[in-house]
Amino acid sequence: MDGSLGARAEVRRPGRAERAPEASVLSRVPISVITLIVAIGVLVSSMGYASGRSGDGPHSGPGTTLYWIGQALILVPIACRLLSRGSLSNGGIVTLIAVLTIAEYFLKCNYDPLGFAFNDEFLHWRGTTNMLQSGKLFELNYGLPIGTHYPGIEEVTSALVSATGLSVFEAGLVVAGVAHCVFILFLYLAFVVAIRSHRIAGIAVLIYFAAPSLTSFNSMFVYETLALAFLGMCIVAGLRSAIEPSAPDRRRWFIVAVLCILATVITHHVTSYMLTGFLVLVALASRLTGSRNTAARFGLLALISALSVAGWIAFIARDTITYFSPTVVGMAQSLKNLTNGGSSGAASTSSSPFSNTVLEAAGLLAITLLIAIGSWQAWKRYRRHPWIIGMMIGGTLGWILSLGIRLGTSDGQELSGRAATYIYIPVSVIAALALTRLVNSAPMRRLGAAATAFVAAAVVALLIDGLSNGWPPFWERLPGPHQVASFEASVDPQEVAVSYWSLAQLGPGNVMATDSGIYPVLIGYGDQNPQQQVTFLYSTPTWTLPVAQQAAALNMQYVETDTRLTKVLPLAGNYFLDQQSTPTSPLPLVYLTKYNHIEGVARVYDDGTINFYDLVSLGYVPQPKP
Amino acid sequence: MYRNRNLDIAIAAVIAILGGLAAAKHLPGQVTIPLGIGLFFAPGYLWSEAILTQRLPGLERALTTLGMALIFPILGGFLFYGLHIPLFKSSWIGLLVVLTLLGVVAVAVQRLREVPVDERQLRRRSQQAPRRRGPVVLHSFIFGLAGVIAIGSVAYSVKSAQAEKFPGYTMLSMTPVVDNVAAQNVAVLSNNPTAQAQAATIENQLQGTATQAHLFVADHQGVPEQYELVLREKGKVTSTWNITLNDGQSWQQTIAWATSANSPKLADSSMLADLYLLPNTTTPYRYVNNGSCVSNLNLYPAALRAEDPCIAKVTPKVTQKSTAKSSVKK
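The listed protein sequences correspond, in order, to chains L and X. Just so we're aligned, residue 1 is where the first sequence starts under our numbering, counting upward by one. Just so we're aligned, residue 1001 is where the second sequence starts under our numbering, counting upward by one.
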């Protein structure tokens, strides 16, 4: 066999059941029973959530214990079954992967089952609502200006809302859930076609679940979730367009791949760039390994993708360049400083518990080792396989870049966490090759089931690392009482009601100053235009001339204050989005109450904790004294 | 099996038509939701059949169906945008119905053109793996049980979230009534910073000429509460309302609004609304004002004087405030 995809196409489907010589006890547990255990795990973790709601939130000891027991019930049986050396059919592996994906998605939904809680979801809720009301694409969205140029998820959700009469929240859950499952299963199919082993493909998908964003950002109602489904579908369609034996079938898959490219370009910027890069990588790897047809096919797809991306930026989404410029320039500068031997200026953003930090470091080390072993395996055994060589090159380079970003840039932890969604695709394949090699090595075979259990425990630790260092962070692992300025933990019915009030009584689009807790809710449900540069309005005990001038220059219309900010420190670190230094003591009350005593500033809203002040009333309320 | 091979396109066509009718006629959710979901995914199934005519494994067919179903609204919506067709409910339903019916035609044509698979082969395939009834029933039961538990976890979470206790609060607001069409027309504001700036300016101008305001109260205390709302203008009580609200209930009253447009420049135009949570009628529970100072603080009861914007003028902070005020007036 020459290793080309054309030759491999004839044997691309492995046998129904891949059987290894030794079968452990774990391999005899039926898939249905594992599914039952996983479902019980979902219920137990949900009980942890309930304990958080009725108690101290993430500080609820029993709640946290229940949550992690539930996660163990989900992860351990599936990991053990996929890693055991017993026979496992393709259907069995697909079922296990689907069960894992659905279980984690259920847990995401059960975190807040009454409405969206994650910040980015509010922005797309508003985008969809605007589209339904106006009937137009590219609607104004104050919270996500760049997102207005990528309306894919809003279109899909609007169509589903129109056809079914579901609410945007319900339809959004369906769209995000379907897209997430489709992505994971297409990824599995792509791995199967690339590696030609159901078992290794299954293990690769299992390792992919260690990506920190997978069960959070990549399953939320956000545009990336949908675009990833198209990315996965495009990879499979591209592969099939290269390996199908009949020319008409190759053409048909090619059409599907092109449709996926177009949908990705319309839906999400970064995913479309990653898709283009992936297609280029496979084309180059195919060229290097001598698969000229595959190289030509993927080269053409890469060209179509690159032209689509360029056309979209040139004619529709010109803001994209200005949106990404600061991030890219900052990253490049930090990395340059780092390579020059200086300080990157990276601030430590991690304030995680010690256990999380240890787990993270161990996970990074383990993945790095697995990449090294897997790359060696790939070079030794799959040198003429363009896909695996492409994965090896992309995975290794991506991982090194990711480590550089994580260690060398100021917000590297978040950036590398988001990038992990893409980097882990090749990394998980290479790591799976390494793991399979380890499990099947002679010394490990001599150890029998104990070796499998050890490997399974290590993989479960990797998955738990992904969960504990992903989102939500440890301080809002469980839902619970209100926390100030702390993302999801700040979204209570009061914030939602205030946001609806603002839209009903003030109208949409008012320029406001708010703390970071209510900020996304006011954008979503309130359709307001809260600003990010607001700390100056909450940093003085009196209304000073510079403050007034700055507020006027920003056309600030309203200031929102929340007296809870004067009682506790924000768990997320800062009260306001632009706050540079982390506060060490709660906000002084006078910094908020000063607005009660400015002549001409109307106190238009009061609910005991949250107030709204109309700064512009200074210009229209008659002043009794000259 | 072969005899019924076109049953799928017939079902898809019927679902598309019924789904379109159900959505257009605003039928109850029990009818609209299942049919609507069918209508949403039908184009994906049909076009994946039409484009990928080969016999795909079940998983691949299902995934391409779902993937195509997600792609069509995106490309279709963009096409409608190019054709200047507004993307309202009727457009989306029309798009899905037309795509389904075109898909039916495409698949039918495709199947008429293709060479039928030998029925004996199909029968042989279906007979390849004789299933043992016992374990299948048992495993199905276990899978079903797992599904019930998973869905039960969602129901449990919904109940738990609904039962979550939050601190009670009461909303009070007083806002000028402004009908700012410019700010509400999302289509005009779309991606247009100039239009947004104009809308904000118009909003401010309209607030300056507003003659009415809304007094709004909403109870979120978790229990019914009785309130007394007292409105003072120029320091004197002009209106009093006794309000009883259940949890989640709101009350709104339109009142005359004093602005620079309808008040003499130097006149006292102060407006102060105090909400009392009965039976306490001495200490205001919530208050709002229009930012204008009362001409004589003694017009207010002692308990309310702190609510006047100018009360702090007696403090040393006066200088900074008056400076700030003049700067913003410019």
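Cβ coordinates follow ideal geometry from the N, Cα and C atoms, glycine included.
Under 7 angstroms between beta-carbons, which chain X residues line up against residue 106 of chain L? List them in chain order, please.
-> Within 7 angstroms Cβ-Cβ: 1150, 1153, 1154.
Based on Cα-Cα distance, which residue from L:243, L:609, L:400, L:438 lies nearest to residue 291 of chain L?
-> Relative to the Cα of residue 291 of chain L, the nearest Cα in the group L:243, L:609, L:400, L:438 belongs to L:243.
Using Cβ-Cβ distances below 9 angstroms, what residues of the segment 1291-1302 of chain X are close to chain L?
-> Cβ contacts with chain L: 1291, 1292, 1293, 1294, 1295.
Three-state secondary structure (DSSP) of residue 673 of chain L | With chain L covering 1 to 626 only, the question about residue 673 of chain L has no answer from this structure.
Reference residue 1099 of chain X, options X:1083, X:1153, X:1013, X:1058, closest by Cα = Proximity to residue 1099 of chain X across X:1083, X:1153, X:1013, X:1058 peaks at X:1013, based on C-alpha coordinates.
For the beta strand (DSSP E) that residue 196 of chain L lies in, which residues bound it at each end?
-> Unbroken run through residue 196 of chain L: none, as it is neither H nor E.
Tell me whether residue 559 of chain L sits in a helix, a strand or coil according to DSSP, three-state version.
-> It is a strand residue.
Contact list for the segment 479-506 of chain L against chain X, Cβ threshold 9 angstroms | Listed by position along the chain: 479, 480, 481, 482, 492, 493, 494, 497, 498, 501, 504, 505, 506.
For residue 1010 of chain X, I'd like the list of residues in its chain whose CB is within less than 6 angstroms of its CB, leaving aside the five on either flank, ordered along the chain.
-> Hits under 6 angstroms: none found.
Are residue 1288 of chain X and residue 604 of chain L close, meaning C-beta to C-beta below 9 angstroms?
-> In contact: residue 1288 of chain X and residue 604 of chain L (Cβ atoms closer than 9 angstroms).
Residue 1023 of chain X vs residue 1046 of chain X beta-carbon contact at 9 angstroms = Inclusion of residue 1023 of chain X and residue 1046 of chain X in the CB contact set at 9 angstroms is not warranted, their separation being larger than that value.
Which residue or residues does DSSP assign as beta-bridge partners of residue 1230 of chain X?
-> DSSP output for residue 1230 of chain X lists X:1240, X:1274 as bridge partner(s).
Kindly indicate which residue of X:1207, X:1157, X:1072 has the alpha-carbon position closest to the one of residue 155 of chain L.
-> Nearest option by C-alpha distance: X:1072.
Would you kindly report the start and end of the unbroken beta strand (DSSP E) that includes residue 512 of chain L?
-> Here the beta strand (DSSP E) through residue 512 of chain L covers 511-513.
Tell me whether residue 1247 of chain X sits in a helix, a strand or coil according to DSSP, three-state version.
-> In this structure, residue 1247 of chain X counts as coil in the three-state DSSP scheme.
With 16 other Cβ atoms within 10 Å as the buried cut-off, status of residue 1310 of chain X | The residue in question, residue 1310 of chain X, is buried, as its Cβ has 16 or more Cβ neighbours within 10 Å.
With a 10 Å radius around its C-beta and 16 neighbouring C-beta atoms as the bar for buried, classify residue 1064 of chain X as buried or exposed.
-> Under a 10 Å Cβ-count criterion, residue 1064 of chain X is classified as buried, with 16 or more other Cβ atoms of the shown protein chains found around its own Cβ.
Can you pull the DSSP bridge partners for residue 1176 of chain X?
-> DSSP output for residue 1176 of chain X lists X:1213 as bridge partner(s).
Can you name the start and end residues of the beta strand (DSSP E) that residue 611 of chain L belongs to?
-> Run containing residue 611 of chain L: 610-614, per the beta strand (DSSP E) assignment.
Can you name the residues that DSSP bridges to residue 1171 of chain X?
-> Answer by DSSP bridge pairing, in chain order: X:1218.
Provide the residue span of the beta strand (DSSP E) that contains residue 1289 of chain X, from first to last.
-> That run of the beta strand (DSSP E) goes 1286-1289.
Residue 525 of chain L by DSSP, collapsed to three states: which one?
-> Secondary structure of residue 525 of chain L (DSSP, three-state): coil.
How many whole angstroms separate the CB atoms of residue 510 of chain L and residue 558 of chain L, which I take to be in contact at a CB cut-off of 8 angstroms?
-> Rounded, the Cβ-Cβ distance is 6 angstroms, consistent with contact.
Could one say the Cβ of residue 343 of chain L lies closer than 9 angstroms to chain X's Cβ atoms, at least one of them?
-> Low confidence applies to residue 343 of chain L: its pLDDT is 48, below 50, so where it sits in the model is not reliable enough to give any reading.
Whose C-beta lies closer than 6 angstroms to the C-beta of residue 524 of chain L among residues of the same chain, with five residues either side of it excluded?
-> Closer than 6 angstroms at the Cβ level, and outside the excluded window around residue 524 of chain L, lie 122, 125, 126.
For residue 1331 of chain X, the three-state DSSP class (helix, strand or coil) = No answer is possible for residue 1331 of chain X: it lies beyond the span of chain X, which begins at 1001 and ends at 1330.
Using a threshold of 8 angstroms, is the CB atom of residue 1109 of chain X nearer than that to any non-hydrogen atom of the ligand SAH?
-> Looking at this structure, you won't find the ligand SAH or any other ligand, since it has none at all.
In whole angstroms, what is the alpha-carbon distance linking residue 1015 of chain X and residue 1096 of chain X?
-> Distance between the alpha carbons of residue 1015 of chain X and residue 1096 of chain X is about 11 angstroms.
Do we get a CB-CB distance below 9 angstroms when we pair residue 591 of chain L with the residues of chain X?
-> The Cβ of residue 591 of chain L sits no closer than 9 angstroms to any Cβ of chain X.
Closest by C-alpha distance to residue 202 of chain L, when choosing among L:185, L:216, L:214 | Of L:185, L:216, L:214, the residue nearest in Cα terms is L:185.
Buried versus exposed call for residue 606 of chain L [16 or more other C-beta atoms within 10 Å across all chains shown] | By the neighbour-count definition (other C-beta atoms within 10 Å, threshold 16), residue 606 of chain L is a buried residue.
Going along the chain, which residues of its own chain have a beta-carbon closer than 6 angstroms to the beta-carbon of residue 349 of chain L, five neighbours each way excluded?
-> At residue 349 of chain L the pLDDT is 44, less than 50, meaning the model places this residue with poor confidence; the figure from the coordinates comes in the next sentence. Cβ within range, chain order: 413.
Distance, residue 513 of chain L Cα to residue 560 of chain L Cα = Whole-angstrom Cα-Cα distance: 6 angstroms.
Compare the C-alpha of residue 1165 of chain X against each of L:97, L:494, L:583 and name the closest.
-> Minimum Cα distance to residue 1165 of chain X is reached at L:494.
Is the Cβ of residue 1323 of chain X closer than 9 angstroms to any Cβ of chain L?
-> Because the pLDDT of residue 1323 of chain X is 33, which lies under 50, any placement of that residue in the model is unreliable, and the question is left without a value.
Mind the definition here: the segment 29-43 of chain L touches the segment 1144-1154 of chain X only if three or more C-beta pairs lie below 8 angstroms; say whether that holds.
-> Under the three-pair Cβ rule at 8 angstroms, the segment 29-43 of chain L counts as touching the segment 1144-1154 of chain X.
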